[in-house]
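> Pasting in a structure now, in structure tokens, and then I'll have a few things to ask.
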Amino acid sequence: METILFNLFAALAVLSALLVVVNPLSRNPVTSAMFLVTTMISISGLFVLLNAYFLAAVQILVYAGAVMVLFLFVIMLLDVEETARRKLRVVSLTMGLLSVAALFGVYKSSLETTYEKDLGSFEIDGFRSEHFESVSSIGEKESFVTVGSTQALGQELFSSVNGFILPFEIVSILLLVAMIGVILLSKKELK
Amino acid sequence: MIEPTLSHYLLVSGALFSIGLLGVIVRRNLLIIYMSLELMLNSANVALVAMSRFNGNLDGQVMVFFIITVAAAEVAVGLALIVALYRKRQTTEVEDLASMKL
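Here it is as structure tokens:
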């Protein structure tokens, strides 16, 4: 069941990501935005398969909700008329495709050499296998089930010993700064 | 059928990242370049969550939490910049935005 769902979500994510970037039927930014929403939702499905339930919910709320609405709002605001299809420069297209394919090839081959025995057996060097065993000694299933629950994530985030309270507060300031910056940027007269 | 392992998730993440990079290189509409950037950020999130799941360590998920927050702020600022630029130049094609002078 998990395998079927993984295949479904992974294929959907990659396919709609491709349609965001190189849609043969439409150059309209709105179409791209809609396919980006599909990608985000499939990625949140992948998060659920990885037991990251809270992040899956946040992914849908923030990305598929807030960010994409912002994108669509700006697209409508700019009212970009469908420009006459500019001719794609063949050189830049082929060079881009080639370089990205080369990068992906390097990544894939490095993955294959790293996880030769296809994971599970994490015993590539001493440290890793040791770490993995300490995890599995707790009881693989149980620790994996609790990992990623909202409660566990909150305890990790706000624990007083080695939590992330200070980064959390700094991020809130960052959000405030971004808000002020956006208001300043979108004033009528840009000085 | 085999169970999906860490390497499968990393492969999906790499594919998404490559597609996003392709979009940044090939497309010339500012808005679509920006969407491709979002795609690349999300592929990194997938890799982090997969690592955290298969190592039994929650730190990766905390990092994704922060990445999502920062990405939301970044989108707001970037789109405001695009709107301001469009007011001045009446275009979102990067080819028409070749000079830095407003």
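Chains A and B, in that order, are what the protein sequence lines are. In the numbering used here, each residue carries its 1-based index in the first sequence increased by 73. In the numbering used here, each residue carries its 1-based index in the second sequence increased by 132. Heads up, the beta-carbon is just placed ideally off N, CA and C, and yes, glycines get one too.
Buried or exposed: which applies to A/P97, given that a residue is buried once 16 or more other Cβ atoms fall within 10 Å of its Cβ?
exposed
> Return yes when the Cβ of A/S115 is within less than 8 Å of the Cβ of A/L92, no when it is not.
8 Å or more divides the Cβ of A/L92 from the Cβ of A/S115.
> With distances taken Cα to Cα, identify the nearest neighbour of A/V255 among B/A203, B/N189, B/L213.
When each option's Cα is compared against that of A/V255, the closest is B/L213.
> From the DSSP output, which residues share a beta bridge with B/E225?
Answer is B/N161, bridged to B/E225.
> Might you give, ordered along the chain, the residues of its own chain that have their beta carbon closer than 6 Å to the beta carbon of B/G152, omitting 5 neighbours on each side?
S168, L171, M172
> Say whether chain A places a C-beta atom closer than 8 Å to the C-beta of B/A230.
no
> Determine the direct distance from the alpha carbon of A/V163 to that of B/G192, and round the result to whole angstroms.
Between the alpha carbons of B/G192 and A/V163 lies a distance of about 40 Å.
> Within 8 Å (strictly less), CB to CB, does A/A83 reach chain B?
yes
> Can you confirm whether B/A179, when its beta carbon is compared against all beta carbons of chain A, has any partner nearer than 8 Å?
No, B/A179 lies away from the interface with chain A (no Cβ there is under 8 Å from its Cβ).
> Quick check: what's the CA-CA separation for A/I148 versus B/V196?
Distance between the alpha carbons of A/I148 and B/V196 is about 27 Å.
> Smallest Cα separation from B/S175: which of B/L142, B/I165, B/V207, B/L211?
Looking at the Cα atoms, B/L142 is the closest of the given residues.
> Name the residues in the segment 105 to 124 of chain A whose C-beta lies less than 8 Å from a C-beta of chain B; which are they?
S105, A106, L109, T112, M113, I116, L119, F120, L122, L123, N124
> If you follow the alpha helix (DSSP H) that A/G236 is in, where does it begin and where does it stop?
Segment: none, A/G236 is in no alpha helix (DSSP H) and carries neither H nor E.
> Taking the alpha helix (DSSP H) that A/P102 falls in, what are its first and last residues?
Segment 102 to 122, the alpha helix (DSSP H) holding A/P102.
> Could you give the DSSP three-state label for B/N189: helix, strand or coil?
coil
> Can you list, in chain order, the residues of its chain whose CB lies under 7 Å from that of A/F237, leaving out five sequence neighbours each side?
These residues qualify, in order along the chain: L230.
> Compare the C-beta of B/A176 with all C-beta atoms of chain A and state if any pair is closer than 8 Å.
Interface flag for B/A176 against chain A is unset, since no Cβ pair is found closer than 8 Å.
> Is any beta-carbon of chain B found at less than 8 Å from that of A/E242?
Judged by the 8 Å Cβ criterion, A/E242 is not in contact with chain B.
> Can a CB atom of chain B be found closer than 8 Å to the CB of A/Y126?
no
> Between B/M172 and chain A, is any beta-carbon pair separated by less than 8 Å?
no
> Reducing DSSP to helix, strand and coil, say where A/M149 ends up.
Helix at A/M149.
> Which residues in chain C sit within 7 Å of B/L148, going by Cβ to Cβ distance?
Considering every chain present, this structure includes no chain C. Its protein chains are A and B.
> In whole angstroms, what separates the C-alpha of A/S232 from that of B/Y218?
Computed Cα separation, rounded: 45 Å.
> Please state whether DSSP places A/S165 in a helix, a strand or coil.
helix
> Let me know if B/A179 comes out buried or exposed under the rule of 16 or more other beta-carbons within 10 Å of its beta-carbon.
buried
> Using only the alpha-carbon positions, how far apart do A/V244 and B/V207 sit?
15 Å
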